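Working notes, structure below.
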Amino acid sequence: MSAVVTPTPSLPERRKEVAPDSAEVAALREAILRRLTYSVGKTPASASEHDWYLAVVYATRDRIVEPWMASTSAAYVHGPKRVYYLSLEFLIGRLLFDALTNLGLTDAMRTATRGLGVDLDRLRTLEPDAALGNGGLGRLAACFMESMATLAIAAHGYGIRYDHGLFRQSLKDGWQQEYPEDWLALGNPWEFKRPEVSYEIGFGGAVEEQTSSDGVVRHVWKPGEYVNAIAYDTPITGWRGQHVNTLRLWSARASEPLLLDAFNAGDYVGAQSGKVRAEAISSVLYPSDETPAGQELRLRQEYFFVSSSLQDLVRRHIKQYQDLRSLSEHVAIQLNDTHPAISVAELMRLLFDVHGLSWEEAWRITRATVSYTNHTLLPEALESWAVPLLERLLPRHMQIIYLINALHLDGLRKAGHTDPAFVSSVSVIDEHAGRRVRMGHLAFIGSHKVNGVSALHTGLLKQTVFRDFDALYPDRIVNETNGITFRRWLFEANPGLTRLLADVAGDAIYDDPAALTRLEAYAGDPALHDALAEIKRQNKVALARIILDRCRVKVDPDALFDVQIKRVHEYKRQLLNILETIALYDAMRAHPHAEWVPTVKIFAGKAAASYHNAKLIIKLANDVGRVVNSDPTLRGLLKVVYLPNYNVSLAESIIPAADLSEQISTAGMEASGTGNMKLALNGALTIGTLDGANVEIREKVGDDNIFIFGLTAEQVEERRRHGIDMQQTIAASAILPEILDAIGSGAFSPDDPSRYLGLVDILRHHDHFMVCADFDAYCARQRDVAHRWKNRAAWWKSSALNTARMGWFSSDRAIRGYAEDIWQVPTTAA
Ligand code: F58
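According to this note's numbering, the residues represented by the sequence shown are -6 to 823, in order.
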């Protein structure tokens, strides 16, 4: 039988750019000038760049307000089930191009501002990054907000309006320095302050028992202290601007801002101490929790935003339906990790204590309304609170938690689970290391669904942290693999690639990510390769400029850009990448005339301020960079750069310029990853372990188009269980012993030769993260990458297939999953 060869269709003609509608441009120009005059109070002649930026944002925002009001009132009129996404983090980034893209106004706005002598792309950079999150968990919340608006789900995001988001990172001699971030310094034109939307949040005090005339005992919490929560609303526009949702962030205000008597007596500081204490709650994102005072502040933050959000949604429900008994029919509350898990006790308090429902009914409603997303298996990240702290800060909640737990354990015993070890393992109270409340357990039993964030992670959840719970409630754990919004991570970040994709695969790609698969038909076409390579090159030239500006290192845009961008953590294994960089450096020096692939190793990411080893890893990357970049024998073949202050905006510049995406965490430790999706969508090839969503990315893009290496999660588990012979593991590698010796003896730190002894010692003796065990496999895979790179056609075919097959990783797909499996809310069709 002869094979049927399907001819490759020829690449569709590139379309010419169409000039934006001139009436639209004129209207925007008018609107900007009006806003400059009446809202900013400036003339065009006296306006600063920032004034223009404000006028442009206001003119854009004005286009959002009407659909926002329409969406809000439609939710009252039609009464769709509402979703409330509770998250202590929203890593929003800049909003101007998000709004313009979704309104379809980017080109018109660019032309309008040009007509006024102002450069829109310059204004874009003036917007501070709203960094109200640490990393993936916070960014996921932001992508989900955009997708919920796109799918016309009546959703609210609830969180904290931190005065200071994630710290600003600078590198001093390669050492991370943290500085407070001040995103509100020049005001925030996107938000609407709602001083009239305010709730009292209680802390401390005592619980009184009151018996009514009919003999019913009620518990009344008399807090010792109150803080007010004030709402700030930011509209979140969905794709094509049709539906707009609200992100409501709470800011803390003292109920008594000034003690006048103290002030009049000259004690100006003492007079304001209550204000300082109260307002500290919304002052800083995740302050260090190393001190008891820091821990208490974190718990106060969690309760503060949970209580204000639940009071707000209960008020809205009663206004619309007059009866709390129907809450679960009309409301779904999603807990983003356990940070809002005190919601379970707070909702019970509101339903049972405040609104007088029976305990049973309140519990039924709570469970039917609440669901919980887990983002980590790391034991140190599973939240628990000391019982004495909870008793002091939230005495009524502690009582409620005890009662929930007692009924939960009673039920188990009645069902025949009497083994004390089993009962203790599923108890909400951990009795092992001082008595502590396990927030994951509280969230689990208070939810109707619990989800992991990738197939592997969900499987591991069932086998590890929630093993016993899964046996008891086999239908409760579900998987919702993470996703990313293509509007920000493709359309806005990579307009060149987006236009090419639309020309080749059709405009359907704007609304249906599955349409990207149409690219596959051209994946072998040299004309497509040329077009992809040209776009990538332009993006790399732009990134090279940023690198020169911020790192003072000149890099070649024709080199392979090998990128690892994420929070710095030992499990993410930046160290493995650095070791391989040293191996490459040594090999290049040993064989200077071999056919090396010119490579730029690009790192970016912040370490937690108190995480010593992570900060040392940053310093090592910088030390290696200093040595490599200044070695003339390399003739620029290898460069190593560490871009400071990684944030959403920097990610938007790096991702479109990446050739290779490093996703090399120890298998079983990265819950999902979302950077992996952003990079693959933008045509980077992945080198990675079978961890998190890498597993699903491999399934979609095909084994030939991804470079997988290393131990599997099972193998890692087994090695940890049995212990590994570290000496043998290291000696088995031809190059690792030498590299460890070099680092340990100060080859990269001549100013302080013992600087890395600690790091090397960990690798030699404990190596919990399996860096040494995976080293050789990783190096071998890197050589495969270099080999593919040298075959231009093969490289760009793989790149095209990555982009073509990543459609499934849209956060719209993820949100549809939540809507169907967990929330039971309708969405608009694809
Ligand atoms: C991340 N978690 C996971 N936590 O690490 C990542 O695999 C996943 O893709 C992402 O969530 C979204 O599901 C994460 O970002 C945090 O930032 C914690 C916040 C609270 C303090 C400790 C870190």
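A virtual CB, placed ideally from N, CA and C, is assigned to each residue, including glycine. Computed from a predicted structure; not experimentally measured.
| query | So which residues put a beta carbon under 6 Å from any heavy atom of the ligand F58, going in chain order? | reply | Asn127, Gly128, Gly129, Leu130, Leu133, Tyr279, His368, Thr369, Ala374, Val446, Asn475, Glu663, Ala664, Ser665, Gly666, Thr667, Gly685
| query | How would you label Pro228, buried or exposed, when you count the other beta carbons within 10 angstroms and need 16 or more for buried? | reply | buried
| said: Assuming contact is defined by CB atoms lying nearer than 9 Å, are Leu290 and Leu317 in contact in what I supplied? | reply: no
| task | For Tyr69, count neighbouring C-beta atoms within 10 Å of its own C-beta (all shown protein chains included) and say buried if the count is 16 or more, exposed if not. | result | exposed
| request: Identify whether Leu177 lies in helix, strand or coil by the three-state DSSP scheme. | output: coil
| Strand pairing of Pro228, partner residues [DSSP] | Thr239
| said: Let me confirm a value: Tyr261 is counted as buried when at least 16 other C-beta atoms fall within 10 Å, else exposed. Which label applies? | reply: exposed
| query | Taking just the CA atoms, how far does Ile153 sit from Ala273? | reply | 12 Å
| query | Where DSSP assigns a beta bridge to Ala148, which residues make up the other side? | reply | Val76
| said: By the DSSP assignment, the beta strand (DSSP E) with Tyr503 in it spans what residues? | reply: Where Tyr503 is concerned, there is no enclosing beta strand (DSSP E), given that its DSSP letter is neither H nor E.
| query | Run through DSSP, which three-state label would Phe741 get? | reply | coil
| field | DSSP-derived helix/strand/coil call for Ser302 | value | helix
| Three-state secondary structure assigned by DSSP to Gly263 | helix
| task | Going by CA-CA distance only, name the one from Tyr51, Thr359, Ala325 that's closest to Leu29. | result | Tyr51
| According to the neighbour-count rule (16 or more other Cβ atoms, all chains shown, within 10 Å of its Cβ), is Asp734 buried or exposed? | exposed
| query | Beta carbon of Val76, beta carbon of Ala148: below 9 Å? | reply | yes
| request: For my contact list, Ser140 and Ile808 are in at a C-beta cut-off of 8 Å; report their separation, rounded to the angstrom. | output: 4 Å
| For Gln315, does the three-state DSSP call read helix, strand or coil? | coil
| message | Using the Cβ count rule (16 or more neighbours within 10 Å means buried), how would you classify Ala786? | response | exposed
| task | Could you check what DSSP says for Trp214 in three-state terms: helix, strand or coil? | result | strand
| task | Would you mind reading off the limits of the beta strand (DSSP E) that contains Glu189? | result | 185 to 196
| field | Nearest to Glu663 (by Cα), restricted to the options Thr474, Gly287, Phe196, Ile717 | value | Thr474
| message | Looking at the strands, I want to know which residues DSSP matches up with Ile595. | response | Val556, Val634
| field | Touching by the beta-carbon criterion (3+ pairs, under 8 Å), the stretch 365 to 377 and the stretch 432 to 452 | value | yes
| When the Cα atoms are used, what is the spatial distance from Trp788 to Ile558? | 22 Å
| message | Less than 6 Å between C-beta atoms, sequence neighbours within five positions excluded: which residues of the same chain meet that for Ser80? | response | Ala134, Gly152, Asn329
| task | Determine the closest residue to Ser658 out of Gly668, Gly131, Leu400, with distance taken between C-alpha atoms. | result | Gly668
| message | Extract the residue ranges of the alpha helix (DSSP H) inside the stretch 381 to 416, only unbroken runs of 4 or more that lie entirely within it. | response | 388 to 407
| task | My understanding is that Ile728 touches Ala576, with C-beta atoms under 8 Å, so please give their C-beta distance in whole angstroms. | result | 5 Å
| query | Near Met(-6), what residues of its chain come up, given a Cβ to Cβ distance below 8 Å and the 5 sequence neighbours on each side ignored? | reply | Any reading at Met(-6) must be qualified, since the residue scores a pLDDT of 47, below 50, and its modelled position is unreliable; no value is offered.
| Can you give the Cα-Cα distance for Ala507 and Ile393, rounded to whole angstroms? | 47 Å
| request: Identify the continuous alpha helix (DSSP H) that holds Trp789 and give its terminal residues. | output: 785 to 797
| Cβ-based burial, Tyr31 [other Cβ within 10 Å; buried from 16] | exposed
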